[in-house]
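Everything below concerns the one structure shown next.
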Amino acid sequence: MDFAVSPKMEKILTKVRTFVREELYPLEPQVLNEGFSSVLPILEEKRAKVRAMGLALPQIEKEHGGMGLSVLEHGLVQAELAKTYTGVYCFNCQAPDAGNMEILIKYGTPEQQERFLKPLLAGKTRSCFSMTEVDYPGSNPTWMGTTAVKDGDDYVINGHKWFTSSYDGAEFAIVMAVTNPDAPKHGRASQIIVPIDTPGFTLVENISCMGHRGEGWDSHAEVRYENVRVPQSNLLGAEGAGFLIAQERLGPGRIHHCMRWVGISERAFELMCEQALTREVAPDRALATQQVVQTWISECRAEINAARLMVLQAADTIDRLGAKEARVEISLIKFFVPNVMMKVLDRAIQLHGGRGITEHTPLATFWRNERASRIYDGPDEVHKMSAGKRILELFRAEMARDQG
Ligand SMILES: Cc1cc2nc3c(=O)[nH]c(=O)nc-3n(C[C@H](O)[C@H](O)[C@H](O)COP(=O)(O)OP(=O)(O)OC[C@H]3O[C@@H](n4cnc5c(N)ncnc54)[C@H](O)[C@@H]3O)c2cc1C
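Residue numbers (my numbering): 1 to 404.
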């Protein structure tokens with residue numbers, strides 16, 4: 001799809017697109033059949049190439065070694081990288097590390113940045129973010145059971161979390177824990193850095209999700225914190241600011257996710273078109289000749305275009321006015337885009353018949369991994385409610401102004 005981008009971005013996007021097609025698409029059969037970790041040694045070589053081309057860390061400011069792109073520009077890069085499963089990892093802009101880098105840049109002390117941020121930016125380590133709990137609703141992050149209690153110079157942390165994605169092989173976690181239980185609900189929790197090898201911080205299991213247990217970066221862990229002791233100097237930002245910092249991380253983070261989902265939709269669409277044109281339902285009669293297929297192609301194209309423009313508009317609002325002013329736009333894309341992606345993936349799988357659910361294409365893996373998009377970073381229902389509430393508030397204020 002044509003979209004007017006600056007000559008600088010056109011050059012970057014061409015390089016990224018070429019790299020993804022020439023260097024990463026060929027890895028797909030191995031990644032899909034043998035798992036992400038099977039290609040790690042090759043991916044480290046690819047990462048070195050990406051760094052040498054000056055394309056690593058598209059989301060990070062130049063002073064920290066990144067490309068210094070705006071939210072919108074980085075969104076365009078994400079859409080290219082997402083077309084294959086290893087893309088974001090190769091460019092060191094994968095969740096949850098990208099969000100952790102942003103937090104450490106903004107709130108990390110010089111000592112925290114030296115020890116935890118620098119190796120992360122260099123691609124030498126990985127990290128995880130540990131907020132969601134087994135016994136509390138993740139969609140209400142102001143209510144949680146994990147505590148961090150001061151004892152001497154330390155915090156002592158106790159809790160039971162899950163969906164601590166990419167814990168396996170990470171160097172440290174950023175954990176959300178209640179430090180100020182008597183404060184108003186948005187000021188109760190703090191974010192604290194916990195090195196993975198701290199005694200008492202243990203893996204229960206990499207949870208099996210939709211039949212896939214995963215490993216390394218591609219995994220979701222259930223973990224326990226049992227009298228985990230870390231120095232108070234591991235606190236990130238102010239005590240009680242955990243919720244606020246989490247919210248800040250989520251604004252641009254949701255743009256990254258949504259553009260990644262636009263990229264996945266684009267890849268599914270490309271596969272759909274190829275399949276329509278090459279698979280014959282009878283001699284000399286391609287699938288593409290069928291009206292139902294033509295209709296699916298038009299509907300998918302329209303829906304992806306709409307999703308893409310909505311995300312770019314939200315990104316542009318963040319760039320110009322900040323994440324707070326883009327709250328409605330961010331909530332709208334957070335439920336709209338995953339639903340478009342799931343619909344496109346479903347049609348693409350259907351068009352591929354039995355092949356669609358094999359690992360002969362990336363469609364089945366996309367579908368299995370990305371169903372979660374409607375749940376994490378705020379489930380659909382919560383975003384619909386909060387956007388609706390805000391739209392009505394703004395409308396009410398406008399009505400009051402009009403009336404006098
Ligand atoms: C693949 C994956 C990766 C993840 N990675 C991480 C990670 O790295 N770190 C981390 O901390 N967490 C992570 N999570 C957890 C994720 O953030 C939570 O699953 C999410 O916040 C929802 O919380 P919950 O699962 O406890 O569901 P609940 O909060 O129990 O909600 C269950 C369902 O109830 C409905 N619901 C909830 N609230 C409302 C409401 N107010 N009104 C109407 N309906 C509502 C929604 O349909 C929701 O899906 C991940 C989750 C997945 C699936």
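We treat Cβ as the ideally placed atom computed from N, Cα and C, and that holds for glycine.
- Within the chosen limit of 6 Å, ligand 1 reaches the beta carbon of Ser165 through at least one heavy atom.
- Contact between Gly237 and Gln191 holds, since their C-beta atoms are separated by about 7 Å, short of 8 Å.
- Taking all protein chains in view, the Cβ of Asp135 is surrounded by fewer than 16 other Cβ atoms within 10 Å, so the residue is classified as exposed.
- With contacts defined as CB atoms closer than 7 Å, Trp162 and Glu222 qualify as a contacting pair.
- For Tyr107, the enclosing alpha helix (DSSP H) has its first and last residue at Asp97 to Tyr107.
- Every unbroken stretch of the alpha helix (DSSP H) spanning 4 or more residues and falling wholly within the stretch 31 to 109 is given here in chain order: 40 to 52, 71 to 81, 87 to 90 and 97 to 107.
- Under the rule that a run must span 3 or more residues, no beta strand (DSSP E) segment is found entirely inside the stretch 367 to 399.
- Contact between the stretch 318 to 332 and the stretch 247 to 260 is present: 3 or more CB-CB pairs across the two stretches fall below 8 Å.
- With fewer than 16 neighbouring CB atoms inside 10 Å of its own CB, Arg396 falls in the exposed class.
- Judged by DSSP in its simplified three-state form, Ala189 adopts strand.
- The closest CA to that of Ala364, considering only Met9, Ala286, Leu32 and Ile193, is found on Leu32.
- Taking the Cβ of Glu381 as the reference point, at least one heavy atom of ligand 1 falls within a distance shorter than 6 Å.
- Of the candidates Glu10, Ser219, Met259 and Gly54, the residue whose Cα lies closest to the Cα of Pro96 is Ser219.
- Of the residues Ile297, Lys15, Gly68 and Ala48, the one whose Cα lies closest to the Cα of Met272 is Ile297.
- Relative to Glu270, the option among Arg21, Val5 and Tyr167 whose CA is nearest is Arg21.
- A straight line joining the alpha-carbon of Thr358 with that of Asp182 spans about 52 Å.
- Looking at the backbone, the Cα of Leu392 and that of Gly263 are separated by about 32 Å.
- For Trp261 against Met144, the beta-carbon gap comes to about 28 Å, at or over 8 Å, which does not count as contact.
- Leu236 is bridged by DSSP to Gln191.
- By the Cβ criterion, the stretch 344 to 353 is in contact with the stretch 364 to 379, since at least three pairs of Cβ atoms, one from each stretch, lie closer than 8 Å.
- By the Cβ-count criterion, Gln59 is buried, with 16 or more other Cβ atoms from all chains shown falling within 10 Å of its own Cβ.
- In the three-state scheme derived from DSSP, where H, G and I count as helix and E and B as strand, Ser331 is classed as helix.
- When the five nearest sequence neighbours on each side are left out, the beta carbons in the same chain lying within less than 7 Å of the beta carbon of Ala314 are those of Ile255, Ala326, Glu329, Ile330 and Ile333, in order along the chain.
- About 6 Å separates the beta carbon of Phe335 from that of Lys384, a gap short enough to meet the 8 Å contact definition.
- Counted as a single uninterrupted DSSP element, the alpha helix (DSSP H) harbouring Met272 occupies residues Gly242 to Thr278.
- The stretch 122 to 137 makes contact with the stretch 92 to 107; the number of CB pairs closer than 8 Å reaches 3 or more.
- Ranked by how close their Cα comes to the Cα of Leu76, the residues Ser37, His186, Arg285 and Met310 have Met310 in first place.
- Check the Cα spacing between Pro137 and each of Val382, Ala400, Asp402 and Ala387: the tightest is with Val382.
- Setting aside the 5 residues that flank it on each side, Ser139 is surrounded in the same chain by Pro379 and Val382, each with a C-beta closer than 6 Å to its C-beta; the list follows chain order.
- For Thr18, the number of other beta carbons within 10 angstroms of its own is below 16, and it is reported as exposed.
- Asn227 is positioned such that its CB atom lies closer than 7 Å to that of Gly200.
- Gly65 is a Cβ neighbour of Leu121, given a cutoff of 7 Å.
- Nearest C-alpha to Ser6 among Lys62, Leu55, Ser70 and Gly35: Ser70.
- Rounded to whole angstroms, the separation of the alpha carbons of Ala276 and Val156 is 59 Å.
- In the same chain as Asn92, and ignoring 5 residues on each side of it, the C-beta atoms closer than 6 Å to its own belong to Ala56, Leu57 and Gly123, in chain order.
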